[in-house]
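Each residue of the first sequence is one higher than the one before, starting from 9 at the first, in the numbering used here.
Just so it is clear, CB atoms sit at the ideal spot from N, CA and C, and this is done for glycine as well.
Source: prediction; values computed, not measured.
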Amino acid sequence: MLEITVPVMEPLSGLRRTHSCGELTLEQVGREVTLMGWVHRRRDLGGLIFIDLRDRVGITQVVFNPQTDPVLHKKAGLLRGEFVVAVTGTVHKRPPGTENPQIGTGQVDVIARELRILNTAKPLPLQVSEDQEVDEALRMKYRYLDLRRAGMQSIMHLRHRVTQSVRKFFDQEGFWEVETPLLIKSTPEGARDYLVPSRTNPGRFFALPQSPQIFKQLLMVAGFERYFQIARCLRDEDLRADRQPEFTQIDVEMSFVEQEDVLTLMERLFASVFQECLDYTLPIPFPRLTYKEAMEKYGNDKPELRFGLPILDVSDGVRESEFSVFSDTLAKGGSVKGISLPGKGGLSRKDLDGLGKLAESMGAKGLLSYALTDEGPKSSILKYLSPSSQQKLQELAALKPGDLLLMIADETSRALDCLGKLRVELGRRFDLIPRGKFAFAWIVDFPLFHYNEDTRQLEPQHHPFTSPLQGDLDLLDKDPTRVRAAAYDLVLNGYEVGSGSIRIHQRPLQEKIFNLIGLSMEEAKEKFGFLMEAFEYGAPPHGGIAPGLDRIVMIMAGAETIREVIAFPKNQNANCLLTGAPVEVSEDQLKLLRIRVDQG
RNA sequence: GGGGUCGUCGUUCAGCGGUUUAGGACAUCUGCCUGUCACGCAGAAGAUCGAGGGUUCGAAUCCCUUCGGCCCCGCCA
């Protein structure tokens with residue numbers, strides 16, 4: 009008898025997989041099958057050996073019996089976690105009482121006739137077969153193992169289905185998928201560019217695209233009319249849980265459309281994608297809020313709309329109060345803003361202090377409360393509030409018995425900002441945010457510009473190719489900060505997941521905007537002359553949007569960070585912990601590019 | 001650039017100035033086990049407590065510095 013003591017790696021040599029590990033049912037009983045995959049778990053009972061064989065699809069139990077084939081059984085005893093094997097055997101109905109209802113293939117097992125060990129595996133730095141939390145740095149270093157785990161497989165499969173669903177939708181709608189260049193001209197406005205030196209043009213550099221913006225507009229000038237691209241975008245900026253240096257946009261541009269056309273198309277896109285990929289019916293149309301409404305009701309331009317608790321202006325309720333925080337704030341033109349918390353009037357002093365601390369950490373000077381308890385109104389500033397003030401306050405906040413009103417008095421924008429952050433945290437703490445809900449919304453009527461105090465210069469809120477709203481054109485000269493843009497953001501569960509606009513398609517207006525943001529005619533020509541020239545050869549009116557694929561999939565998957573939905577993400581320092589990139593390069597490489605590194 | 005937080009066997013977690021020879025679970029190794037399915041049982045090996053410095057009779061534990069991970073501010077047209 010052949011004595012096997014160490015696993016020998018064997019070739020496939022013609023062996024073909026007949027089934028996946030996820031598809032065997034009672035239907036295949038009696039048939040000989042060949043499965044290939046990884047040893048997920050082994051249960052060596054001394055006699056019988058059970059192997060859970062895993063592939064991308066599922067898990068099938070393979071049985072090795074020492075009585076039917078002692079040599080094979082001995083070989084099976086050498087198997088360890090994550091060995092790669094091919095098994096040929098017969099599908100059997102499991103003996104009664106040994107079925108496993110937890111897996112789809114649990115009615116059957118495969119009695120092995122042949123086992124080939126295609127590769128071995130060392131003991132693992134992280135457990136593929138278990139769903140425990142593992143240090144993220146370790147996951148990144150061994151990302152190929154991390155990606156084997158069920159959770160990551162299902163997320164990456166979801167991502168695949170989303171991109172396929174997006175492609176199908178756009179194809180049906182008559183859009184052409186076009187690839188735009190990765191090596192492009194650097195235009196240092198906005199985010200920092202990743203630069204690529206050109207060996208054939210020493211001393212000159214390409215930039216990697218922050219988005220395909222200009223090229224998709226040129227495609228409209230080219231008469232493509234409807235374009236989309238699953239496009240990689242690159243920005244050399246600092247990272248966040250929802251920001252990676254390279255990320256993917258569903259880039260879209262259309263000719264002969266107005267804002268409404270883009271919005272409704274996107275609503276149909278996401279309704280279709282969510283239905284197909286999650287079997288979730290999105291209510292359309294999505295709610296639309298103006299930028300101003302969003303700021304006033306939710307304190308930011310990407311409101312979390314899975315729950316209510318809008319911010320209220322209660323200034324009128326405390327206008328007559330002699331409490332100096334109120335009077336001073338209002339005298340200086342600030343506001344008193346509040347959030348009404350139904351049923352939370354019974355919170356203890358300690359709870360309220362905790363919320364106060366929280367508000368302070370969010371930039372508030374303090375948090376004031378007013379509660380309607382069983383024993384009547386309760387507030388640390390009760391003595392400053394006359395009965396009529398209280399009456400007014402209760403009306404403004406629609407307070408019912410048992411409710412709590414939290415207030416911040418400050419410069420209006422700061423009060424809104426703090427309450428906006430507080431609102432979301434209150435939603436979390438009091439568990440007001442429904443799980444499994446997807447609340448899309450549009451934010452519209454953004455200002456075209458914002459004023460940068462440091463540079464004393466108007467800057468585009470979106471980008472300089474955004475068209476002003478038709479009705480606000482006359483304000484461009486009079487009061488540019490009041491000009492609204494034909495721009496729109498798509499918001500989902502408190503994340504900005506897309507941003508778009510109707511573009512400028514006429515040279516004179518484009519020149520005017522460049523001028524207003526302080527770009528001289530020379531600079532404008534130097535940077536964007538080719539675009540303005542294109543506008544002179546019959547550019548159609550056009551507009552578009554670019555939803556962020558990573559963020560949307562992250563939210564669909566219920567993941568906490570964008571890294572969870574990217575196969576090989578960077579860490580917070582924009583390093584790849586798996587490959588070690590970025591790395592220093594050799595003197596020879598630099599010489600070829602005529603680059604010297606300042607070791608500073 | 002700034003603020004916060006974490007770092008203990010391969011993994012995950014406990015220990016947070018002294019009954020610690022740093023403990024459990026999983027993984028690994030050895031033995032037993034023929035219907036297990038997170039198999040079970042018995043045993044073994046495995047950790048200079050991220051690194052460096054300091055305080056102390058005594059430091060995984062307190063302090064400082066530093067490195068690394070994560071979260072946030074700035075930044076992201």
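Would you kindly work out how many angstroms separate the C-alpha atoms of threonine 96 and glutamine 252, rounded to a whole number?
Start at 1 with the first residue of the first sequence, and residue 96 comes out as number 88. Start at 1 with the first residue of the first sequence, and residue 252 comes out as number 244. Going by the C-alpha atoms only, they are around 44 Å apart.
Beta strand (DSSP E) segments (min. 3 residues) lying fully within the stretch 84–122
92–101
State the Cα-Cα distance for the pair leucine 517 and serine 507, rounded to the nearest angstrom.
Indexing the first sequence from 1 puts residue 517 at position 509. Indexing the first sequence from 1 puts residue 507 at position 499. The straight-line gap from Cα to Cα measures roughly 21 Å.
Note down the Cα distance separating glutamine 478 from glutamate 233, rounded to an integer number of angstroms.
On the first sequence, residue 478 is found 470 positions in, with the first residue counted as 1. On the first sequence, residue 233 is found 225 positions in, with the first residue counted as 1. About 22 Å.
Taking all protein chains shown into account, decide if asparagine 501 is buried (16 or more other Cβ within 10 angstroms of its Cβ) or exposed.
Taking the first residue of the first sequence as 1, we reach residue 501 at position 493. It counts as buried.
So phenylalanine 454 packs on glutamine 465, CB below 8 Å; how close in whole Å?
For the purposes of this step, residue 454 is taken as residue 446 along the first sequence, with counting starting at 1. For the purposes of this step, residue 465 is taken as residue 457 along the first sequence, with counting starting at 1. About 18 Å; that fails the 8 Å criterion.
For leucine 297, which three-state DSSP category applies?
Numbered from its first residue, the first sequence carries residue 297 at position 289. If DSSP states are grouped into helix, strand and coil, leucine 297 belongs with the strands.
How close, in whole Å, do the beta carbons of alanine 302 and isoleucine 163 come, if the pair is a contact with beta carbons under 8 Å?
For the purposes of this step, residue 302 is identified with residue 294 of the first sequence, where counting begins at 1. For the purposes of this step, residue 163 is identified with residue 155 of the first sequence, where counting begins at 1. Alanine 302 to isoleucine 163, Cβ: 30 Å. No contact.
Taking its Cβ as the centre, do 16 or more other Cβ atoms sit within 10 Å of arginine 571, making it buried, or is it exposed?
Within the first sequence, numbered from 1, the residue matching residue 571 stands at position 563. With 16 or more Cβ atoms within 10 Å of its Cβ, arginine 571 is classed as buried.
Beta-carbon spacing of valine 118, valine 70 below 8 Å:
Residue 118 sits at position 110 when you count from the first residue of the first sequence. Residue 70 sits at position 62 when you count from the first residue of the first sequence. Yes; because the gap between Cβ atoms is below 8 Å, this pair is in contact.
Contact between the stretch 137–152 and the stretch 578–587 (3+ Cβ pairs under 8 Å)
yes
Tell me which residue opens and which closes the alpha helix (DSSP H) that glycine 556 is part of.
By 1-based counting over the first sequence, the position of residue 556 is 548. Unbroken run through glycine 556: none, as it is neither H nor E.
To the nearest angstrom, how far is the alpha carbon of aspartate 179 from that of threonine 474?
Mapped onto the first sequence, residue 179 falls at position 171. Mapped onto the first sequence, residue 474 falls at position 466. Whole-angstrom Cα-Cα distance: 26 Å.
Is the beta carbon of glutamate 534 closer than 8 Å to that of arginine 515?
Taking the first residue of the first sequence as position 1, residue 515 is located at position 507. Taking the first residue of the first sequence as position 1, residue 534 is located at position 526. No, the pair does not count as a contact, with Cβ atoms beyond the cut-off.
So, for arginine 124: in the same chain, excluding its five sequence neighbours on each side, which residues have a beta-carbon less than 6 Å away from its beta-carbon?
If you number the first sequence from 1, residue 124 lands on position 116. Result list for arginine 124: Glu18 and Ala94, in chain order.
Best match in His165, Lys176, Val79 and Asp52 for proximity to leucine 277 [C-alpha to C-alpha]
Position 269 of the first sequence holds residue 277. Comparing Cα positions, the closest option is Lys176.
Kindly indicate which three-state DSSP category tyrosine 150 falls into: helix, strand or coil?
Stepping through the first sequence from its first residue, residue 150 is reached at position 142. DSSP places tyrosine 150 in coil when its eight states are reduced to three.
Reducing DSSP to helix, strand and coil, say where leucine 43 ends up.
By 1-based counting over the first sequence, the position of residue 43 is 35. Here leucine 43 sits in strand by DSSP.
Does the separation of the CB atoms of proline 295 and alanine 199 fall below 8 Å?
Against the first sequence, residue 295 aligns to sequence position 287. Against the first sequence, residue 199 aligns to sequence position 191. Not closer than 8 Å, so no.
Since phenylalanine 72 is in the beta strand (DSSP E), which residue starts that stretch and which ends it?
Translated into the one-based positions of the first sequence, residue 72 becomes position 64. Phenylalanine 72 -> beta strand (DSSP E) spans 67–72.
Is the distance from the Cβ of phenylalanine 72 to the Cβ of leucine 80 below 8 Å?
Along the first sequence, read from residue 1 onward, the residue named residue 72 stands at position 64. Along the first sequence, read from residue 1 onward, the residue named residue 80 stands at position 72. The answer is yes: Cβ separation under 8 Å.
Could you tell me the alpha carbon to alpha carbon distance between alanine 230 and proline 549, rounded to whole angstroms?
Within the first sequence, the letter at position 222 stands for residue 230. Within the first sequence, the letter at position 541 stands for residue 549. Spanning the two alpha carbons is a distance of roughly 12 Å.
Would you mind giving the Cβ-Cβ distance between lysine 224 and threonine 188, rounded to the nearest angstrom? I have them listed as a contact below 8 Å.
The residue labelled residue 224 in the question sits at position 216 within the first sequence. The residue labelled residue 188 in the question sits at position 180 within the first sequence. Confirmed, Cβ separation roughly 7 Å.
Whole angstroms is fine: what's the gap from leucine 290's alpha carbon to proline 442's?
Translated into the one-based positions of the first sequence, residue 290 becomes position 282. Translated into the one-based positions of the first sequence, residue 442 becomes position 434. Going from the Cα of leucine 290 to the Cα of proline 442 covers about 15 Å.
Quick one: is lysine 305 buried, meaning 16 or more other Cβ sit within 10 Å of its Cβ, or exposed?
Looking up residue 305 in the first sequence gives position 297. Buried: at least 16 other Cβ atoms inside 10 Å.
Using the beta-carbon count (16 or more within 10 Å), is arginine 151 buried or exposed?
For this step, residue 151 is matched to residue 143 along the first sequence. Classification for arginine 151: buried.
Leucine 412 and lysine 352 - do their beta-carbons sit closer together than 8 Å?
By one-based count along the first sequence, residue 352 stands at place 344. By one-based count along the first sequence, residue 412 stands at place 404. Going by C-beta atoms, lysine 352 is nearer than 8 Å to leucine 412.
If you count every other CB in all the chains shown that lies within 10 Å of the CB of leucine 203, and 16 or more means buried, which is it?
Your numbering for residue 203 matches position 195 in the first sequence. Per the 10 Å Cβ criterion, exposed.
Start and end of the beta strand (DSSP E) containing aspartate 130?
Here residue 130 is taken as the residue at index 122 of the first sequence, counted from 1. In the sequence on display, residue 130 carries lysine and not aspartate. No beta strand (DSSP E) holds lysine 130; DSSP gives it neither H nor E.
Since proline 577 and isoleucine 525 are thought to touch, with beta carbons under 8 Å apart, how far apart are those beta carbons, to the nearest angstrom?
For the purposes of this step, residue 577 is taken as the residue at position 569 of the first sequence. For the purposes of this step, residue 525 is taken as the residue at position 517 of the first sequence. Not quite, the Cβ-Cβ distance comes to about 34 Å (not below 8 Å), so this is no contact.
Return the residue from the list Gly54, Asp382 and Ala372 that minimises the CA-CA distance to leucine 355.
As a first step, residue 355 must be located in the first sequence, where it is residue number 347. For the residues Gly54, Asp382 and Ala372, the minimum Cα distance to leucine 355 belongs to Asp382.
Starting from histidine 81, follow its DSSP beta bridges and name the residues at the other end.
Taking the first residue of the first sequence as position 1, residue 81 is located at position 73. Looking at the DSSP assignment, histidine 81 forms no beta bridge with any residue, so it has no partner.
Spatial neighbours of arginine 24 within its chain, please: C-beta separation below 6 Å, excluding the five flanking residues on both sides.
By one-based count along the first sequence, residue 24 stands at place 16. Once the five neighbours on either side are set aside, arginine 24 has no close Cβ partner at all.
Backbone CA spacing between glutamate 592 and glutamate 197 [nearest angstrom]
If you number the first sequence from 1, residue 592 lands on position 584. If you number the first sequence from 1, residue 197 lands on position 189. Computed Cα separation, rounded: 27 Å.
Quick one: is leucine 539 buried, meaning 16 or more other Cβ sit within 10 Å of its Cβ, or exposed?
Translated into the one-based positions of the first sequence, residue 539 becomes position 531. So leucine 539 counts as buried.
Measure the beta-carbon distance from glycine 66 to serine 137 and round it to whole angstroms, keeping in mind my assumption that it falls under 8 Å.
The residue labelled residue 66 in the question sits at position 58 within the first sequence. The residue labelled residue 137 in the question sits at position 129 within the first sequence. At roughly 14 Å, the Cβ-Cβ gap does not stay under 8 Å, so glycine 66 and serine 137 are not in contact.
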